[in-house]
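101 is the number that numbering that gives the first Met the number 0 gives to position 102 of the sequence shown; each next residue is one higher, with no gaps.
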Amino acid sequence: MKLGIVGGGITGLFLAREISKKGKDEICLFEAEKELGGLSRSLREKTWRWPLEGFFHHFFTSDDLVKELLTELGLIDKLVYRETKTSVYSHGRISPFDNLFDFLRFPNLTVFDKLRMGTVLFLLRQLPYFGFFENYRASDIFPKLIGNNGWQEIWGRLMEGKFDRFSKEVSFSWLWSRIKVRSQQLGYLNGGNKQMFDLIAKQIGKNNRLFLDDPVLKIGPAGNSWLIKSKRRSALVDKIFLTLPLPKALKIVKDILPEPALKKFGKLKMIGALNLILRMKKPFLPQGTYWLNILDTGFPFIVIVEQTNLVDAGNYGGENLVYVGGYYSQEDPIFKQSAGQVLKSFSPGLKKINADFEKFLIGVNVFSDLCAQPIIPTGYSAIKPSLELIPDKIYWATPNHIFPWDRGINYSIRLSKQLFRLHQISAR
Ligand SMILES: Cc1cc2nc3c(=O)[nH]c(=O)nc-3n(C[C@H](O)[C@H](O)[C@H](O)COP(=O)(O)OP(=O)(O)OC[C@H]3O[C@@H](n4cnc5c(N)ncnc54)[C@H](O)[C@@H]3O)c2cc1C
Numbered sequence: 000m001k002l003g004i005v006g007g008g009i010t011g012l013f014l015a016r017e018i019s020k021k022g023k024d025e026i027c028l029f030e031a032e033k034e035l036g037g038l039s040r041s042l043r044e045k046t047w048r049w050p051l052e053g054f055f056h057h058f059f060t061s062d063d064l065v066k067e068l069l070t071e072l073g074l075i076d077k078l079v080y081r082e083t084k085t086s087v088y089s090h091g092r093i094s095p096f097d098n099l100f101d102f103l104r105f106p107n108l109t110v111f112d113k114l115r116m117g118t119v120l121f122l123l124r125q126l127p128y129f130g131f132f133e134n135y136r137a138s139d140i141f142p143k144l145i146g147n148n149g150w151q152e153i154w155g156r157l158m159e160g161k162f163d164r165f166s167k168e169v170s171f172s173w174l175w176s177r178i179k180v181r182s183q184q185l186g187y188l189n190g191g192n193k194q195m196f197d198l199i200a201k202q203i204g205k206n207n208r209l210f211l212d213d214p215v216l217k218i219g220p221a222g223n224s225w226l227i228k229s230k231r232r233s234a235l236v237d238k239i240f241l242t243l244p245l246p247k248a249l250k251i252v253k254d255i256l257p258e259p260a261l262k263k264f265g266k267l268k269m270i271g272a273l274n275l276i277l278r279m280k281k282p283f284l285p286q287g288t289y290w291l292n293i294l295d296t297g298f299p300f301i302v303i304v305e306q307t308n309l310v311d312a313g314n315y316g317g318e319n320l321v322y323v324g325g326y327y328s329q330e331d332p333i334f335k336q337s338a339g340q341v342l343k344s345f346s347p348g349l350k351k352i353n354a355d356f357e358k359f360l361i362g363v364n365v366f367s368d369l370c371a372q373p374i375i376p377t378g379y380s381a382i383k384p385s386l387e388l389i390p391d392k393i394y395w396a397t398p399n400h401i402f403p404w405d406r407g408i409n410y411s412i413r414l415s416k417q418l419f420r421l422h423q424i425s426a427r
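What follows is the structure, encoded as structure tokens:
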């Protein structure tokens, strides 16, 4: 059978690898960018030994499918978990936020607030997923559970930073999943995620075709087959797997989906993300902090992540690399700005945290994507798309298909496995 896969992120690549292992089908994989890896693709300066993911990336200890894949690829020894330091910037000061002791010393909550929040977080981490979680908005139920102070000082700010104007729509199931899986130790694949994508590409490329820099423009029926029309070519295939973000997938299938389906799926929203990457001669954050959540208002970013407090700066020619990140509505003008323009608007906020940083700045890069994070509203399981878009012919697997978990490489692999099983069943 001839199969078309659209999208060369982890979902598309993993699926292509599973199919090619069986050796029965012929695959054409189309990727719009010049590089594979999607949201986890990398950039590299000449002086760096390792490439760097454009968006900060790490793995949780619970990411079992990532570990399984890395084992099969012979890369598992390079996945190293480390204790990381997390802090928060609140009321104009940085406070460590790693353990119970830090939490108890956090100045902006009463002892009662802390005990209450600590107990709720502990219980939520123990609980399995319950269907009713998705019936509540996080912004309604969580303040009731942890108290208004805890919501206003910490969690409400985190939700606003992550979802911008959509923050009040997000279901409690999303928040539960974030609390449930986050681990104290964070893993990084030494050498970068690019190796994982390159190795997969090498394995599938032997008998199949990978087309880079070749966005698919549309697909349509052609007799008993399907025609994929991309920027550079046309291909006839028997089945198509769309592994790109849902709004982009809809553009490709808009001529073949009935209006009600287009309308229904068109309601599923995503938000964009932008990371400004600072290349510094000196560390940016104090005391080896890896992750700093910004809880004060008035900042145009929500998090600062110092990559070289997770892995050694020597891997990047001695440069200290720092992501300054935020999530923004897709129409936000920030997505049209150059790295210099973003730096200019971020600078006043950055100076509040490190007044002298500009003296040690070597350069900046910017990395952004309009489809970075699905918005999961209440009652999502009733509107969640199924993996089959046109039965037996066109399948899709996007971050909007991941539920109740948050999007992430581990869950993209899980989706790919499900797609592969569906393909096997329908090919019998
Ligand atoms: C800021 C940020 C931080 C993250 N941190 C982590 C983390 O720490 N750990 C973790 O596990 N996950 C993290 N993620 C999530 C993770 O990167 C994604 O869940 C995962 O990469 C999604 O893979 P995917 O293949 O499903 O989609 P994508 O990576 O979006 O891949 C889709 C691919 O389709 C291509 N495409 C789009 N349009 C077309 C077209 N018309 N034709 C052909 N190709 C097309 C795109 O170029 C892209 O390569 C993070 C994401 C962001 C935004």
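By construction, the Cβ of each residue, glycine as well, lies at the ideal position given by its N, Cα and C atoms.
From K161 to A371, what distance separates their C-alpha atoms? 11 Å
Spatial distance of H57 from A221 (CA atoms): 43 Å
Could you tell me the boundaries of the alpha helix (DSSP H) in which N274 lies? Where N274 is concerned, there is no enclosing alpha helix (DSSP H), although the beta strand (DSSP E) it sits in stretches over 269 to 279.
What I want to know is whether the C-beta of A312 ends up closer than 7 Å to one or more non-hydrogen atoms of ligand 1. no
How about G36 and G8: do their beta carbons lie closer than 8 Å? yes
Report whether the distance from the Cβ of D368 to the nearest heavy atom of ligand 1 is below 7 Å. yes
Taking only three categories from DSSP, how would you classify S510? Here the chain covers residues 0 to 427 and nothing more, so residue 510 does not appear.
Would the beta-carbon of K66 be found less than 7 Å away from any heavy atom of ligand 1? no
Got a sec, what are the start and stop residues for the alpha helix (DSSP H) D197 sits in? 193 to 204
Any idea which residues DSSP pairs P373 with across the strands? M269
If you compare alpha carbons, which of D331, Q340, V341, K281 is closest to A312? K281
Quick one: residues in its chain with C-beta nearer than 6 Å to the C-beta of P373, no 5 flanking neighbours on either side, listed in chain order? M269, P398, N399
Out of Y394, F402, I389, point me to the one whose CA is closest to K383's CA. F402
I need the straight-line Cα distance from F141 to L103, nearest angstrom please. 20 Å
Does the beta carbon of K247 fall short of 7 Å from some heavy atom of ligand 1? yes
Give a yes or no on contact between the region 295 to 303 and the region 342 to 362, applying the rule of three or more CB pairs nearer than 8 Å. yes
Using the three-state DSSP reduction, which class does S61 fall into: helix, strand or coil? coil
Start-to-end residues for the alpha helix (DSSP H) that takes in L342: 338 to 352
Sort F13, C27, L51 by Cα distance to K1 and report the nearest one. C27
Can you name, in chain order, every residue of its own chain whose Cβ lies under 7 Å from the Cβ of L14, other than the five neighbours on each side? I4, F240, T242, S415, L418, F419
Does ligand 1 have even one heavy atom less than 7 Å from the beta-carbon of N319? no
Residues bridged to R104 (per DSSP): In DSSP, R104 forms no bridge with anything.
Please tell me whether, using a cut-off of 7 Å, the distance from the CB of I9 to the nearest non-hydrogen atom of ligand 1 is below it. yes
Go ahead and pull the three-state DSSP assignment for D76. helix
Tell me, to the nearest whole angstrom, how far the beta carbon of E159 is from that of R136; I am working on the premise that it is less than 8 Å. Not confirmed; about 13 Å, so no contact.
Touch test, the region 63 to 79 against the region 178 to 197, Cβ-Cβ under 8 Å, three pairs minimum: yes
With a threshold of 7 Å, establish whether the CB of A31 neighbours any heavy atom of ligand 1. yes
Three-way DSSP call (helix, strand, coil) for W404 in this model: coil
According to the neighbour-count rule (16 or more other Cβ atoms, all chains shown, within 10 Å of its Cβ), is Q340 buried or exposed? exposed
Going by DSSP, what residue range makes up the alpha helix (DSSP H) through T10? 9 to 21
Which class does N207 belong to by DSSP, given the choice of helix, strand or coil? coil
I need the straight-line Cα distance from I429 to R413, nearest angstrom please. Missing from the structure shown is residue 429; the chain here goes from 0 to 427 and no further.
Hey, F283 and E318 are a contact pair by Cβ (cut 8 Å); roughly how many whole angstroms apart? Not really, about 11 Å apart at Cβ, beyond 8 Å.
Please determine, among K205, E258, L277, L120, the residue with the shortest C-alpha to C-alpha distance to N353. L277
Please classify L216 as buried or exposed, where buried requires at least 16 neighbouring CB atoms within 10 angstroms. exposed
To which residues of the same chain is F105 closer than 6 Å at the C-beta, ignoring the five residues directly before and after it? S94
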